[in-house]
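Engineer: Chains A and B are the protein sequences, given in the same order. Just add 345 to wherever you are in the first sequence, counting from 1, and you've got my numbering. Just add 152 to wherever you are in the second sequence, counting from 1, and you've got my numbering. Pasting in a structure now, in structure tokens, and then I'll have a few things to ask.
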Amino acid sequence: MDSVLGVTYKGGVILAADQGNARSILMYQKNLDKITSLSGHTALACSGPHADVVNFSEFIAKNIKLYEFSKDGTVLSTHAQANYCRNELAKALRKGPYQVNNLLGGFDKKAGGSLYFLDYLASLQKVNFGAQGYCGHFCLSIMDRDWKEGLTKDEAVEIIKHCINEIHTRFLIAQPNFIIKNIDANGVEIVSFGEDPASA
Amino acid sequence: SLGQTFRRRPPTTGGLRFRAVAAAIVIGASAFFLSPTDAFDPFGNVQSHQWGKTSLDDPFDSNRNLKKASKSNKPPPLKFEHGTTTVAFTFEGGIIAAVDSRASIGNFVGSKTVEEVLPVNDYIIGTMAGGAADCSFWIRLLRSQAQLHELDEGKPMSVARASRLLANALYQNRGLQLSVGTMIMGFDDTGASIYYVDNTGTRIAGDMFAVGSGSTFALGILDTERRFDMSEEEAINLGIRAIRRATYRDASSGGFINVYLITKSGWKKVFRDDLACQDDTAP
Chain A
346 MDSVLGVTYK GGVILAADQG NARSILMYQK NLDKITSLSG HTALACSGPH ADVVNFSEFI
406 AKNIKLYEFS KDGTVLSTHA QANYCRNELA KALRKGPYQV NNLLGGFDKK AGGSLYFLDY
466 LASLQKVNFG AQGYCGHFCL SIMDRDWKEG LTKDEAVEII KHCINEIHTR FLIAQPNFII
526 KNIDANGVEI VSFGEDPASA
Chain B
153 SLGQTFRRRP PTTGGLRFRA VAAAIVIGAS AFFLSPTDAF DPFGNVQSHQ WGKTSLDDPF
213 DSNRNLKKAS KSNKPPPLKF EHGTTTVAFT FEGGIIAAVD SRASIGNFVG SKTVEEVLPV
273 NDYIIGTMAG GAADCSFWIR LLRSQAQLHE LDEGKPMSVA RASRLLANAL YQNRGLQLSV
333 GTMIMGFDDT GASIYYVDNT GTRIAGDMFA VGSGSTFALG ILDTERRFDM SEEEAINLGI
393 RAIRRATYRD ASSGGFINVY LITKSGWKKV FRDDLACQDD TAP
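Take a look at the structure:
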């Protein structure tokens, strides 16, 4: 039921996710932040059951941090982090799988903004834009039409906003709150949110 | 023989009686007997599980551990749901937790005097919804961990830590079909907090939660009437009313209403009432 979207632009990536946390017919909270920072220049937007989302994203984030500590501050590239995620998903797949679908976005000086599509079956694909969940049915055509090389940050945020509008118009499940994050040379920052994730 | 006194058999302790009852029943569970011709399913509401087939909703076949353990493809005997009604919310004066006390298997009410609030330490309590044995076991285990922590650290365990310990344990055991829906709440250095923790390993912080089969009915009252700046009396009253409305509509909830208040000086029970003696028109 979660909606997760991502669009790359020249100089970074925009990630967006809905903020709802629901189970069966009950909405537990509407201010959840599903986009976790993995390092100073990457973030993972994770969709799936809340327990798996929390456990997987925290596990990956802490292991990447541990790597940085142990290798004297060496920073892992986005490509390396995405492959690490995939490997962990693959190892767990035949034992106790993480039922999470992710979009990993990051900025590297050489590669620029990059976005990786990670499936719960541990498939990995580098993409220019992507979506996880039912929202893909509504949004991928909009992104196909509007995305081009050399977008600016504001144009990329516009595409995301068009997608969110379409979700609000046509998707059966009400997802009033979306959190949008930008990853660029300055790091990970919140562009906008529906409800402050910090509010308990 | 006139002076003979008959020695009274010592009464069974509440603990023993509870354990015996808990072993036999589940709080607020609706038991689905999985044979389609069963007499307990006159309206055909039972969806018999298709063993051996995995659906789109369950692509990883979460019952595979149980199937392996049972060495046959027979389904487990009882389908548990998070029955009962428990609510908790914060307000200016602290935290209110209100619970019912019914334990049922299907249409049979096993007990109407279950204590659905379990203490973790002097400042933290946990509510119980789902399987009685599962909830009481895991929260009592948490209690022992909290006591050891207090001895080691010299001060009580924080609510965040207590809830995280429980959530991690439940996540690691998520293949065992446990049934636990609890709220770990209390006061610590950071103030008041309530965490909803359940058998999937979900752990969510919030200001107000309702858990159990009657939770949606209780939320209708809580969502419309709760304010942060309530007095203690108003808050207790709101807790009572939410549970009462939920027990009125939900078959798996009933018995007694128990209300607990937690402040920075600890938790205490502030209200207990027998719903059976209440007038249906009471507010």
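In this text, a Cβ means the ideal position worked out from N, Cα and C, and glycines have one as well.
Quick check on this structure: which residue in A:Glu503, A:Ile405 and A:Lys440 has the alpha carbon closest to the alpha carbon of Ile380 (chain A)?
Structural biologist: Counted from its first residue, the first sequence places residue 380 (chain A) at position 35. Ranking A:Glu503, A:Ile405 and A:Lys440 by Cα distance to Ile380 (chain A) puts A:Ile405 first.
Engineer: Considering only residues of the same chain and omitting the five flanking positions on each side of Leu383 (chain A), which have a CB-CB separation below 7 Å?
Structural biologist: Here the question's residue 383 (chain A) lines up with position 38 in the first sequence. Here the set comprises Leu389, Ile405, Ala406, Ile409 and Gln426.
Engineer: State the DSSP-derived secondary structure class of Ser486 (chain A), mapped to helix, strand or coil.
Structural biologist: By one-based count along the first sequence, residue 486 (chain A) stands at place 141. Ser486 (chain A): helix per DSSP, three-state reduction.
Engineer: Kindly identify the DSSP beta-bridge partner or partners of Ile247 (chain B).
Structural biologist: For the purposes of this step, residue 247 (chain B) is taken as the residue at position 95 of the second sequence. According to DSSP, Ile247 (chain B) bridges with B:Thr242 and B:Ile414.
Engineer: Count Cβ pairs between the segment 237-245 of chain B and the segment 373-390 of chain B that sit closer than 8 Å; are there 3 or more?
Structural biologist: Cβ pair count under 8 Å is three or more, so yes.
Engineer: Would a C-beta distance cut-off of 8 Å place Leu449 (chain A) and Leu463 (chain A) closer than the cut-off?
Structural biologist: For the purposes of this step, residue 449 (chain A) is taken as the residue at position 104 of the first sequence. For the purposes of this step, residue 463 (chain A) is taken as the residue at position 118 of the first sequence. Yes, Cβ-Cβ distance for Leu449 (chain A) and Leu463 (chain A) is below 8 Å.
Engineer: Does the segment 535-543 of chain A come within contact of the segment 360-370 of chain A, defined as at least 3 CB pairs closer than 8 Å?
Structural biologist: yes
Engineer: Could you pull out every residue in the same chain whose Cβ sits closer than 6 Å to the Cβ of Ile509 (chain A), ignoring the five residues on either side in sequence?
Structural biologist: If you number the first sequence from 1, residue 509 (chain A) lands on position 164. Closer than 6 Å at Cβ, skipping near neighbours: Phe523.
Engineer: For Asn400 (chain A), decide whether its Cβ has a neighbour in chain B, counting only Cβ atoms nearer than 8 Å.
Structural biologist: Position 55 of the first sequence, counting from 1, holds the residue named residue 400 (chain A). Judged by the 8 Å Cβ criterion, Asn400 (chain A) is in contact with chain B.
Engineer: How would you list, in chain order, the residues of chain A whose beta-carbon sits under 9 Å from the beta-carbon of Ile356 (chain B)?
Structural biologist: Working through the second sequence from its first residue, we reach residue 356 (chain B) at position 204. In chain order: Asn366, Tyr373, Gln374, Leu377 and His395.
Engineer: Would you mind telling me which residues of chain A sit closer than 8 Å to Gly283 (chain B), beta carbon to beta carbon, in chain order?
Structural biologist: Residue mapping note: residue 283 (chain B) aligns to position 131 of the second sequence, counting from 1. Here the premise fails: no neighbours, minimum Cβ distance about 17 Å.
Engineer: Looking only at its own chain, which residues have a Cβ that is under 7 Å from the Cβ of Ala387 (chain B), when we skip the five neighbours before and after it?
Structural biologist: On the second sequence, position 235 is the one that residue 387 (chain B) refers to. Cβ neighbours of Ala387 (chain B) beyond the five flanking positions: Phe243, Gly245 and Ile248.
Engineer: Does the distance from the CB of Val311 (chain B) to the CB of Leu322 (chain B) come in under 8 Å?
Structural biologist: What you label residue 311 (chain B) is simply residue 159 of the second sequence in a count that begins at 1. What you label residue 322 (chain B) is simply residue 170 of the second sequence in a count that begins at 1. No, the pair does not count as a contact, with Cβ atoms beyond the cut-off.
Engineer: According to DSSP, is Val178 (chain B) helix, strand or coil?
Structural biologist: Numbered from its first residue, the second sequence carries residue 178 (chain B) at position 26. The pLDDT assigned to Val178 (chain B) is 43, lower than 50, so where the model puts this residue is not dependable, and the model offers no usable value.
Engineer: Rounded to the nearest angstrom, how far is the Cβ of Ala370 (chain B) from that of Thr237 (chain B), given a contact under 8 Å?
Structural biologist: In the second sequence, counting from the first residue as 1, residue 370 (chain B) sits at position 218. In the second sequence, counting from the first residue as 1, residue 237 (chain B) sits at position 85. Indeed they touch by this definition, with Cβ atoms about 6 Å apart.
Engineer: Evaluate Asn447 (chain A) with the Cβ neighbour count: other Cβ atoms within 10 Å of its Cβ, from every protein chain shown; 16 or more gives buried, anything less gives exposed.
Structural biologist: For the purposes of this step, residue 447 (chain A) is taken as residue 102 along the first sequence, with counting starting at 1. So Asn447 (chain A) ends up on the buried side.
Engineer: Identify every residue that forms a DSSP beta bridge with Cys391 (chain A).
Structural biologist: Position 46 of the first sequence, counting from 1, holds the residue named residue 391 (chain A). Paired residue(s): A:Asn447.
Engineer: Mark Gly262 (chain B) as exposed unless 16 or more other C-beta atoms lie within 10 angstroms of its C-beta, in which case mark it buried.
Structural biologist: Your numbering for residue 262 (chain B) matches position 110 in the second sequence. Label assigned to Gly262 (chain B): buried.
Engineer: Would you kindly report the start and end of the unbroken alpha helix (DSSP H) that includes Phe474 (chain A)?
Structural biologist: For this step, residue 474 (chain A) is matched to residue 129 along the first sequence. Unbroken run through Phe474 (chain A) is the beta strand (DSSP E), Phe474 to Gln477; no alpha helix (DSSP H).
Engineer: Could you work out which residues of chain A lie near Gly353 (chain B), taking near to mean beta carbons separated by less than 9 Å?
Structural biologist: Here residue 353 (chain B) is taken as the residue at index 201 of the second sequence, counted from 1. Near Gly353 (chain B) (Cβ distances below 9 Å), the residues of chain A are Pro394, His395, Ala396, Asp397, Val399 and Asn400.
Engineer: Helix, strand or coil for Ala456 (chain A)? Go by DSSP, reduced to three states.
Structural biologist: For this step, residue 456 (chain A) is matched to residue 111 along the first sequence. DSSP places Ala456 (chain A) in coil when its eight states are reduced to three.
Engineer: Hey, quick one: how far does the beta strand (DSSP E) through Ala382 (chain A) stretch, first residue to last?
Structural biologist: For the purposes of this step, residue 382 (chain A) is taken as residue 37 along the first sequence, with counting starting at 1. The sequence given here places Ser at residue 382 (chain A); Ala does not occur at that position. Ser382 (chain A) -> beta strand (DSSP E) spans Ile380 to Ser384.
Engineer: In three-state DSSP terms, what is Lys436 (chain A)?
Structural biologist: Within the first sequence, numbered from 1, the residue matching residue 436 (chain A) stands at position 91. Helix, per DSSP.
Engineer: Please check if any C-beta of chain A sits within less than 8 Å of the C-beta of Ala323 (chain B).
Structural biologist: Translated into the one-based positions of the second sequence, residue 323 (chain B) becomes position 171. First, the amino acid is wrong: residue 323 (chain B) is Tyr here, not Ala. Yes, contact with chain A.
Engineer: What does a CB cutoff of less than 6 Å around Ala250 (chain B) pick up in its chain, not counting 5 residues either side in sequence?
Structural biologist: Numbered from 1 along the second sequence, position 98 holds the residue referred to as residue 250 (chain B). Here the set comprises Val239, Gly391, Ile395 and Val411.
Engineer: From what residue to what residue does the alpha helix (DSSP H) around Leu390 (chain B) run?
Structural biologist: Residue 390 (chain B) sits at position 238 when you count from the first residue of the second sequence. Here the alpha helix (DSSP H) through Leu390 (chain B) covers Glu384 to Arg401.
Engineer: Please report the residue range of the alpha helix (DSSP H) in which Val311 (chain B) lies.
Structural biologist: As a first step, residue 311 (chain B) is located in the second sequence; it is residue number 159 there, counting from the start. Val311 (chain B): member of the alpha helix (DSSP H) spanning Val311 to Gln324, first to last residue.
Engineer: Any C-beta of chain A sitting closer than 8 Å to the C-beta of Tyr348 (chain B)?
Structural biologist: Position 196 of the second sequence, counted from the start, is the residue given in the question as residue 348 (chain B). Closer than 8 Å to some Cβ of chain A, the Cβ of Tyr348 (chain B) qualifies, so yes.
Engineer: What are the start and end residues of the beta strand (DSSP E) that includes Ala357 (chain B)?
Structural biologist: Translated into the one-based positions of the second sequence, residue 357 (chain B) becomes position 205. It spans Arg355 to Gly358 - the beta strand (DSSP E) in which Ala357 (chain B) sits, taken as one unbroken run.
Engineer: Between which two residues does the alpha helix (DSSP H) harbouring Phe260 (chain B) extend?
Structural biologist: The count along the second sequence starts at 1 and reaches residue 260 (chain B) at position 108. Here Phe260 (chain B) belongs to no alpha helix (DSSP H); instead the beta strand (DSSP E) covers Phe260 to Ser263.
Engineer: Could you work out which residue in A:Thr353, A:Asp347 and A:Met346 is closest to Asp529 (chain A) when comparing CA atoms only?
Structural biologist: What you label residue 529 (chain A) is simply residue 184 of the first sequence in a count that begins at 1. Comparing Cα-Cα distances from Asp529 (chain A) to each of A:Thr353, A:Asp347 and A:Met346, the minimum goes to A:Thr353.
Engineer: Would you mind reading off the limits of the beta strand (DSSP E) that contains Lys506 (chain A)?
Structural biologist: Against the first sequence, residue 506 (chain A) aligns to sequence position 161. Here Lys506 (chain A) belongs to no beta strand (DSSP E); instead the alpha helix (DSSP H) covers Lys498 to Arg515.
Engineer: DSSP on Trp492 (chain A), reduced to helix/strand/coil?
Structural biologist: Here residue 492 (chain A) is taken as the residue at index 147 of the first sequence, counted from 1. In this structure, Trp492 (chain A) counts as coil in the three-state DSSP scheme.
Engineer: Any beta carbon from chain A within less than 8 Å of Thr368 (chain B)'s own beta carbon?
Structural biologist: For the purposes of this step, residue 368 (chain B) is taken as the residue at position 216 of the second sequence. Taking Cβ atoms only, chain A reaches closer than 8 Å to Thr368 (chain B), which makes this a yes.
Engineer: Since Asn547 (chain A) and Leu469 (chain A) should fall inside the 8 Å C-beta cutoff, what is the C-beta to C-beta distance between them, to a whole number of angstroms?
Structural biologist: Only positions 346 to 545 of chain A appear in the structure, and residue 547 (chain A) is not among them; the question remains open.
Engineer: Who does Trp419 (chain B) pair with in a DSSP beta bridge?
Structural biologist: Looking up residue 419 (chain B) in the second sequence gives position 267. According to DSSP, which records beta bridges pairwise, Trp419 (chain B) is partnered with B:Ile414.
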